[in-house]
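Trainee:
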DNA sequence: CCGTATCCATACCGATACTG
DNA sequence: CAGTATCGGTATGGATACGG
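Chains as they are written, first to last, in the working numbering: chain A, 829 to 952; chain B, 829 to 952.
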């Protein structure tokens, strides 16, 4: 698919539904959770430790939304202590390449952006 | 670069700076503005009309942030009525492929996600 | 261990009115 | 035309405490 067609798509439906989905994906933690899950099955606590700064509340909420959207599956093991594991669904894994591409872009351009912000701050 | 390395990168610096940049890019309007600008030079009002639902205020704020980050250039023409045109910088254009990839992913999966939400809502 | 519930501060963002 | 300023509702998200 060409970039032109993509550009049309992004405005295709008046932007209503699409923006709702994008908002859901591009929030504070979702991309990070998806990237951290990657191909693995991960326990709640491990996930929490691998994502510095996320609160228990936000991790729960983010996982619930991803589960609701069919991007993450949740497995509860009947043990004590309880063990809950999360894993990307096939749809969730299909988000991985674009998500990592965006994250990669951000990483590559952090220095440039920070420099630009400093320069912008110094303008009269 | 492999996906594995990307996955490392996204957690590379403790996530502090990276998440700040990602938050800036992945907010309510930024991706939409970048995708709409595309390769063109666009006037403020035209931009506003091409992005359904954006308020004047949010368009201004979004453009100012993009300008500050060095992703968009702003040109004021000394005319009456005033004419201000925006255009992606080379750095801004480099964001286009990942941004459109993500938007494309979202478009493709809107039906699946909506269906999943309905199903999730019906669960006991 | 894996959540949920509550409180609270802040950030976001739309509406509106006003300026060069 | 292209903004800026201000107000106020809502959403976001951290901290904490508690429950299964």
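Heads up, the beta-carbon is just placed ideally off N, CA and C, and yes, glycines get one too.
Which residues of chain A have a Cβ atom closer than 9 Å to the Cβ of residue 919/B, listed in chain order?
Mentor: In the second chain, the residue the question calls residue 919/B occupies position 91. In chain order: 937, 940, 941, 944.
Trainee: With distances taken Cα to Cα, identify the nearest neighbour of residue 868/A among 915/A, 861/A, 926/A.
Mentor: For the purposes of this step, residue 868/A is taken as the residue at position 40 of the first chain. Checked all of 915/A, 861/A, 926/A; the closest Cα to residue 868/A is 915/A.
Trainee: Anything in chain A within Cβ reach of residue 856/B, meaning under 7 Å, just list it in chain order.
Mentor: Counting from 1 along the second chain, the entry for residue 856/B is found at position 28. By Cβ distance, chain A contributes 851.
Trainee: What first and last residue would you give for the beta strand (DSSP E) that runs through residue 885/B?
Mentor: Sequence index remark: in the second chain, residue 885/B carries index 57 (1-based). For residue 885/B, there is no enclosing beta strand (DSSP E); the residue is found in the alpha helix (DSSP H) stretching over 884-896.
Trainee: Could you spell out the range, first to last residue, of the beta strand (DSSP E) harbouring residue 902/A?
Mentor: Counted from its first residue, the first chain places residue 902/A at position 74. Start and end: 900-905.
Trainee: How close, in whole Å, do the beta carbons of residue 928/B and residue 930/A come, if the pair is a contact with beta carbons under 8 Å?
Mentor: As a working note, residue 928/B is residue 100 in the second chain. As a working note, residue 930/A is residue 102 in the first chain. About 11 Å; that fails the 8 Å criterion.
Trainee: Identify the continuous alpha helix (DSSP H) that holds residue 862/B and give its terminal residues.
Mentor: Along the second chain, one-based indexing puts residue 862/B at 34. Run containing residue 862/B: 858-865, per the alpha helix (DSSP H) assignment.
Trainee: Taking 8 Å as the cut-off, does the region 886-904 of chain A touch the region 929-948 of chain B (at least 3 CB pairs, one atom from each stretch)?
Mentor: A contact exists between the region 929-948 of chain B and the region 886-904 of chain A.
Trainee: For residue 854/B and residue 847/A, I'd like the C-alpha separation in whole angstroms.
Mentor: Stepping through the second chain from its first residue, residue 854/B is reached at position 26. Stepping through the first chain from its first residue, residue 847/A is reached at position 19. Rounded to the nearest angstrom, the two C-alpha atoms are 11 Å apart.
Trainee: Could you tell me whether any non-hydrogen atom of the ligand FMN is closer than 7 Å to the CB of residue 886/A?
Mentor: What this structure holds is no ligand at all, so the ligand FMN is not there to describe.
Trainee: In angstroms, rounded to a whole number, what distance separates the CA positions of residue 884/A and residue 906/B?
Mentor: Here residue 884/A is taken as the residue at index 56 of the first chain, counted from 1. Here residue 906/B is taken as the residue at index 78 of the second chain, counted from 1. Each residue's Cα considered, the two are about 54 Å apart.
Trainee: Between the Cα of residue 872/B and the Cα atoms of 859/B, 891/B, 917/B, 881/B, which residue gives the shortest distance?
Mentor: Counting from one through the second chain, the residue named residue 872/B turns up at place 44. Closest option to residue 872/B, Cα to Cα, is 891/B.
Trainee: Please report the distance separating the alpha-carbon of residue 938/A from that of residue 950/B.
Mentor: Start at 1 with the first residue of the first chain, and residue 938/A comes out as number 110. Start at 1 with the first residue of the second chain, and residue 950/B comes out as number 122. Spanning the two alpha carbons is a distance of roughly 43 Å.
Trainee: How would you call residue 865/A, buried or exposed, if buried means at least 16 neighbouring beta carbons within 10 angstroms?
Mentor: If you number the first chain from 1, residue 865/A lands on position 37. Its Cβ being crowded by 16 or more others within 10 Å, residue 865/A is buried.
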